Amino acid sequence: MKTISEIIKNYNQHQIHNYYLSGDDIFLEKFFINQIVHRFLNNDGSKILYHFGVDSELAFLNDLKSNSLFDSKKVIVCWEINKLAKSAQSEFVDYLKNNPSKDIAVIIVSPDFRIKNKFITSLSSSITNVDIRTPFPSKMIKWVQFYAKSKNIKISSDLIRYYIEYYGDNLSNVINEIDKHNMYNAGAPLTLSDEYSVSLDGSRNYHYWQFLDNIGKKDLKKSLEIFHSLLINGISHNYIINGLTNLLVNIYSSKNYENVGGKFPILNKILSKNINMYASKYSSEQIKLLFKDLYDIDKMIKRFQYGINHKIELMIVRACNE
C-alpha cells in the first residue's frame with residue numbers, strides 16, 4: 012500500500028491512474044482526490060461522483076466505456092463500491108484488468124477495512140492501493156504544518172501539539188479546530204496564550220481510540236476516566252462495545268494465530284502498532300472471559316436493561332486488574 016506522498020511525488024501523467032483508497036480520514040480522502048483531479052484533468056475534463064446504492068450502475072459503466080478521441084478526460088470517484096450488482100462487479104473488474112483507459116481515472120473510496128470478499132480482493136489487487144488512515148501523531152504534525160502553510164495560517168508548534176492531543180482522533184477534527192481558531196483570530200497568529208486558546212474548555216474530550224489504547228495497556232484509572240468522557244459526549248454503548256470486541260479479537264488473534272496481519276484490522280495506526288504490546292499483557296483465558304462479559308452486555312443493550320454503565324465499568328476493572 013502506498014502513501015499519498017509517494018503517489019504525488021512519483022505522479023506520471025502518462026500512467027494509468029486508478030486508485031483504491033483504504034482508510035477513514037476524511038481530510039486525507041479529500042486532499043488526495045483534489046490532487047488527482049488537479050493533476051489529471053489540468054482544467055480540462057470533468058469529475059463524476061457515484062454513491063452506489065443511490066446512483067445508477069448503468070451510467071457508471073457507460074462512463075467507463077464512453078471514451079474516444081473527442082472525449083475530455085474524466086475522474087470518476089466511487090463510494091460504496093461493494094453495493095454494485097454481481098454482473099456490474101464482474102464488468103468493472105474486467106475493465107480494470109484488461110482495458111483501463113489512460114483518459115479515465117477511477118478513485119474508489121473504501122473506509123472500512125473489514126469488508127473482505129472476492130470482489131474487493133480482486134478490485135484492490137487490480138489497481139494502486141493508497142493509505143488514507145489517520146497518521147501517527149508525528150506525521151500528523153507535518154500534515155497540519157503543511158495545511159497551515161497552504162492556508163497562510165501562522166500557528167505555534169505547541170498549539171499544534173495541543174490540538175492533536177485533544178482532537179487527534181483524525182486529521183479532519185484537528186483541521187476543523189484550527190480553522191475555527193483562525194476565523195476567530197481573523198488572520199492573527201494562533202498561540203496557546205491568545206484569547207481563543209484561553210477560552211477553550213479545560214475539560215478533556217477524549218476519543219474512542221484512546222479508550223481502546225488504555226484498555227490495551229491495562230491503565231484502569233485512565234480507562235474509566237475516558238469511558239465516562241465518552242458517555243458524556245454522546246458515544247453510544249453499542250459503539251463502545253463494538254470497539255472493545257474488535258480490540259480483543261485483534262489481541263486474541265495475535266496471540267494464538269500466525270500470519271493474521273490485516274485479517275481483523277483496526278483502522279487507527281496507533282492501535283495496530285501496539286497490538287503486540289497489548290497482547291503481552293493479556294492471557295488467552297482472560298480474553299475469553301472478557302468476550303463473555305461483552306456478550307452479556309450486548310444482550311443487556313438489546314433488551315434495554317438498566318445498569319449497563321455499571322456492567323461495563325466492572326468489565327473494565329476486570330480487564331485492567333487481572
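End of the sequence shown sits at 333 in this note's numbering; the numbers just go up one at a time, nothing left out.
Idealized CB from N, CA, C, for every residue including glycine.
Quick caveat, the model's predicted, so the values are computed rather than measured.
Residue i to residue j span [Cα, whole Å]
{"i": "K232", "j": "M326", "result": "13 angstroms"}
{"i": "L258", "j": "P200", "result": "40 angstroms"}
{"i": "S240", "j": "W220", "result": "13 angstroms"}
{"i": "N53", "j": "I47", "result": "9 angstroms"}
{"i": "D190", "j": "K153", "result": "17 angstroms"}
{"i": "E102", "j": "Y30", "result": "17 angstroms"}
{"i": "N128", "j": "L211", "result": "46 angstroms"}
{"i": "L39", "j": "L182", "result": "8 angstroms"}
{"i": "I118", "j": "Q100", "result": "15 angstroms"}
{"i": "K108", "j": "L95", "result": "17 angstroms"}
{"i": "K76", "j": "I281", "result": "42 angstroms"}
{"i": "F51", "j": "F42", "result": "14 angstroms"}
{"i": "K310", "j": "G64", "result": "31 angstroms"}
{"i": "N93", "j": "Y207", "result": "44 angstroms"}
{"i": "Y158", "j": "L301", "result": "42 angstroms"}
{"i": "L334", "j": "K229", "result": "As shown, the chain starts at 12 and ends at 333. That puts residue 334 outside it, with no answer to give."}
{"i": "L235", "j": "A70", "result": "51 angstroms"}
{"i": "Y250", "j": "N110", "result": "42 angstroms"}
{"i": "S136", "j": "Y106", "result": "13 angstroms"}
{"i": "T132", "j": "E17", "result": "22 angstroms"}
{"i": "I138", "j": "H28", "result": "8 angstroms"}
{"i": "D36", "j": "L255", "result": "21 angstroms"}
{"i": "L242", "j": "V260", "result": "23 angstroms"}
{"i": "L223", "j": "N332", "result": "15 angstroms"}
{"i": "V209", "j": "M151", "result": "24 angstroms"}
{"i": "F315", "j": "A330", "result": "24 angstroms"}
{"i": "K303", "j": "V155", "result": "42 angstroms"}
{"i": "H321", "j": "L72", "result": "53 angstroms"}
{"i": "R225", "j": "Y317", "result": "What sits at residue 225 in the sequence shown is Asn, not Arg. Going by the C-alpha atoms only, they are around 26 angstroms apart."}
Three-way DSSP call (helix, strand, coil) for residue i in this model
{"i": "N53", "result": "coil"}
{"i": "I327", "result": "helix"}
{"i": "H218", "result": "coil"}
{"i": "S16", "result": "helix"}
{"i": "N261", "result": "helix"}
{"i": "K232", "result": "helix"}
{"i": "H239", "result": "helix"}
{"i": "N29", "result": "strand"}
{"i": "I281", "result": "helix"}
{"i": "D66", "result": "strand"}
{"i": "Y61", "result": "strand"}
{"i": "I246", "result": "coil"}
Rounded distance between the beta-carbons of residue j and residue i, thought under 8 angstroms
{"i": "G34", "j": "D142", "result": "6 angstroms"}
{"i": "V86", "j": "K58", "result": "5 angstroms"}
{"i": "T145", "j": "S167", "result": "No, T145 and S167 are not in contact; Cβ-Cβ is about 23 angstroms, not under 8 angstroms."}
{"i": "I171", "j": "P148", "result": "In fact, because the Cβ distance is near 10 angstroms, the residues do not count as touching under 8 angstroms."}
{"i": "H237", "j": "Y217", "result": "According to the sequence provided, residue 237 is Ile. The question's His does not apply to it. Correct: roughly 4 angstroms between the Cβ atoms."}
{"i": "L305", "j": "I252", "result": "6 angstroms"}
{"i": "V88", "j": "I115", "result": "About 12 angstroms; that fails the 8 angstroms criterion."}
Sequence-distant residues of its chain with Cβ nearer than 8 angstroms to residue i (five each side left out)
{"i": "M12", "result": "S33, N140, V141 and D142"}
{"i": "I262", "result": "G227, I286, Y289, A290, Y293 and I298"}
{"i": "E68", "result": "L95, A96 and A99"}
{"i": "H25", "result": "K113"}
{"i": "I323", "result": "F238, H248, I251, I252 and I308"}
{"i": "V104", "result": "F130, S133, L134 and S137"}
Beta-carbon contacts of residue i that lie in its chain and below 6 angstroms, excluding the five residues immediately before and after
{"i": "N8", "result": "The displayed coordinates of the chain run from 12 to 333. Any statement about residue 8 would go beyond what the structure contains."}
{"i": "H248", "result": "I312 and I319"}
{"i": "Y22", "result": "R50"}
{"i": "K84", "result": "L52, G56 and D114"}
{"i": "F130", "result": "Q100"}
{"i": "D169", "result": "L203"}
{"i": "K165", "result": "P200"}
{"i": "W90", "result": "H62 and V120"}
Cβ neighbours of residue i in the same chain (closer than 7 angstroms, five flanking residues each side left out)
{"i": "T14", "result": "D142"}
{"i": "K266", "result": "A290 and S295"}
{"i": "Y178", "result": "N184, V185 and E188"}
{"i": "H192", "result": "L201 and Y207"}
{"i": "I19", "result": "Q46"}
{"i": "K162", "result": "none"}
{"i": "D74", "result": "I59, K85 and I87"}
{"i": "Y195", "result": "Y207"}
{"i": "K284", "result": "none"}
{"i": "D205", "result": "N196"}
{"i": "V328", "result": "L231"}
Whole alpha helix (DSSP H) elements within the stretch 283-314, 4-residue minimum: 295-313
Runs of alpha helix (DSSP H) wholly within the stretch 93-140 (minimum 4 residues, chain order): 97-109 and 129-137
Uninterrupted beta strand (DSSP E) stretches inside the stretch 128-213 (no shorter than 3 residues): Inside the stretch 128-213, DSSP marks whole beta strand (DSSP E) runs of 3 or more residues at positions 139-142, from first to last along the chain.
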